[in-house]
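**Student:** Sequence positions in the sequence shown follow this note's numbering and run 392 to 722. First the structure, which I've put down as structure tokens, then a few questions once you've had a look.
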Amino acid sequence: AFKIAIPFLPYRKPEITGSVNNIPELMKKKGCDSALIITDSGIRMLGLTKRLEKALRDQGISYVIYDKTVANPTTENVAQALDMYYENHCNAIIGFGGGSSMDCSKAVGARVAKPKQSLSKMKGILKVHKKLPLLIAIPTTAGTGSETTLAAVITDAQTRHKYVINDFSLIPRYAVLDPKVTVSLPPSITATTGMDALTHAVEAFIGNSTTYGTRKDALLAVRLIFENIRTVYQDGTNIDARRNMLHASFYAGCAFTKSYVGYVHSIAHSLGGEYNIPHGLANAVILPMVLESYGTCIHKKLHKLAIAAGIADKKMSHEEAASMFIQAVKD
């Protein structure tokens, strides 16, 4: 039913802008004058928010920063950030960071939209169905694709149970793909978040709910990742490679938002909720295992991915190309 309905559902891609310096203009255009910036302590300590803060100050826009978001954001994070939103009379939310900060931002927006409803009542599909305040996403990692998605993954602070809120209204209005905010990422995080983006693209492509558009986005993301991930791992200051990885993450996010993910994410989310393992790391380790477990039924699709990755050609057998792709993921 979902596969038939996908082309008719109100999916939208966020508008892309290439620099945090454009945000004040975007806010003014939407009639907003006060922002809650949601990030984590590590990003703030690195000084990554300073360019954004200066841009807002220079244009007379007030802001407040919530920087206590944890790796797998909790209901407590959302409650604390929501209090700051109301106390400072904010009318826009800026998620600045990886998937955790953006998930927290979306959840705060959902609580603003439906102040009388708890997050647990919104879990599942299409339980929000109300317009959020202006939501701007600034990814500092090229991996989660959260700047494109309709999902927010939240961990219950008491039970450690992880659940997902899915609604079209959670898709950010703007995605700021600014490579300058990613240059200080350490190689380990660059690697695992890049593998997270690859997992999104691969699972979206091999699934059974694909469209022409999602297949096209997934293939583009795979090509960009294979062309750039080693470069950004070895030289984090390479702006072009950083920009390409941000765009790869964006397209992978667009692909899996419509076409869903699979067993890799099922296991990775469980590991994250129970043991707080970073999501990208869990995906990176589990991806080749699951691809091998699927067996021959995905060899034809992996052949296409291997061609996009530049490691196989059309003359190869499906089995040989699939084997080469899985080995390339391991490498």
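Every residue gets a Cβ at the ideal spot worked out from N, C-alpha and C, and that includes glycine.
1) Does DSSP put residue 410 in a helix, in a strand, or in coil?
2) From the DSSP output, which residues share a beta bridge with residue 557?
3) As a quick exercise: from 443, 562, 446, pick the residue whose alpha carbon is nearest that of residue 495.
4) Taking the alpha carbon of residue 368 as the reference point, which residue from 450, 666, 445, 481 has its own alpha carbon closest?
5) Tell whether a beta-carbon distance below 8 angstroms holds between residue 483 and residue 439.
6) Between the Cα of residue 670 and the Cα atoms of 461, 426, 451, which residue gives the shortest distance?
7) Report the rounded CA-to-CA distance for residue 455 versus residue 685, giving the unit in angstroms.
8) Taking the straight line between their C-alpha atoms, what separation do you get for residue 531 and residue 584?
9) State the start and end residues of the unbroken beta strand (DSSP E) segment that holds residue 484.
10) Helix, strand or coil: how does DSSP classify residue 637 here?
11) Hey, out of 695, 688, 708, 450, whose CA is closest to residue 417's CA?
12) Could you give the distance in angstroms between the alpha-carbon of residue 707 and the alpha-carbon of residue 687?
13) How about residue 645 and residue 404: are their beta carbons less than 8 angstroms apart?
14) Thinking C-beta only, is residue 651 closer than 8 angstroms to residue 575?
15) Can you tell which of 493, 641, 478, 627 has its C-alpha closest to the C-alpha of residue 613?
16) May I ask you to report which of helix, strand or coil DSSP gives residue 453?
17) Does the Cβ-Cβ distance between residue 616 and residue 637 come in under 8 angstroms?
18) Do you know how far the Cα of residue 717 is from the Cα of residue 683?
19) For residue 581, I'd like the list of residues in its chain whose CB is within less than 7 angstroms of its CB, leaving aside the five on either flank, ordered along the chain.
20) Do residue 546 and residue 493 come within 8 angstroms of each other at the CB atom, strictly closer than that value?
21) With a Cβ-Cβ cutoff of 8 angstroms, do residue 398 and residue 559 count as a contact?
22) Does the separation of the CB atoms of residue 528 and residue 566 fall below 8 angstroms?
23) Would you list the residues sitting across from residue 434 in a DSSP beta bridge?
24) If distances are taken between C-alpha atoms only, which option among 709, 557, 538 comes closest to residue 513?
25) Pull the bridge partners of residue 530 from the DSSP assignment, please.
26) Name the DSSP bridge partner or partners of residue 425?
27) Report all residues from its chain with a CB closer than 7 angstroms to the CB of residue 507; omit the five preceding and five following residues, and keep chain order.
28) Give me whichever residues DSSP pairs with residue 525 in a beta bridge.
**Tutor:** With the structure as the only source:
1) coil
2) In DSSP, residue 557 forms a bridge with 516, 542.
3) 562
4) Since the first and last residues shown for the chain are 392 and 722, residue 368 lies out of range.
5) No; because the gap between Cβ atoms is not below 8 angstroms, this pair is not in contact.
6) Comparing Cα positions, the closest option is 461.
7) So the two alpha carbons sit approximately 47 angstroms from each other.
8) 10 angstroms
9) 483-488
10) helix
11) 450
12) Roughly 15 angstroms separates the two Cα atoms.
13) It is a contact, given that the beta carbons lie within the stated cut-off.
14) no
15) Nearest of 493, 641, 478, 627 to residue 613, Cα basis: 641.
16) In the three-state scheme derived from DSSP, where H, G and I count as helix and E and B as strand, residue 453 is classed as strand.
17) Not a contact, by the Cβ cut-off of 8 angstroms.
18) If you draw a straight line from the Cα of residue 683 to the Cα of residue 717, it is about 8 angstroms long.
19) 623, 624, 627
20) no
21) Contact flag unset, no.
22) yes
23) The partner list for residue 434 (beta bridge, DSSP) is empty, contrary to what the question assumes.
24) 557
25) 488
26) 453
27) none
28) 483
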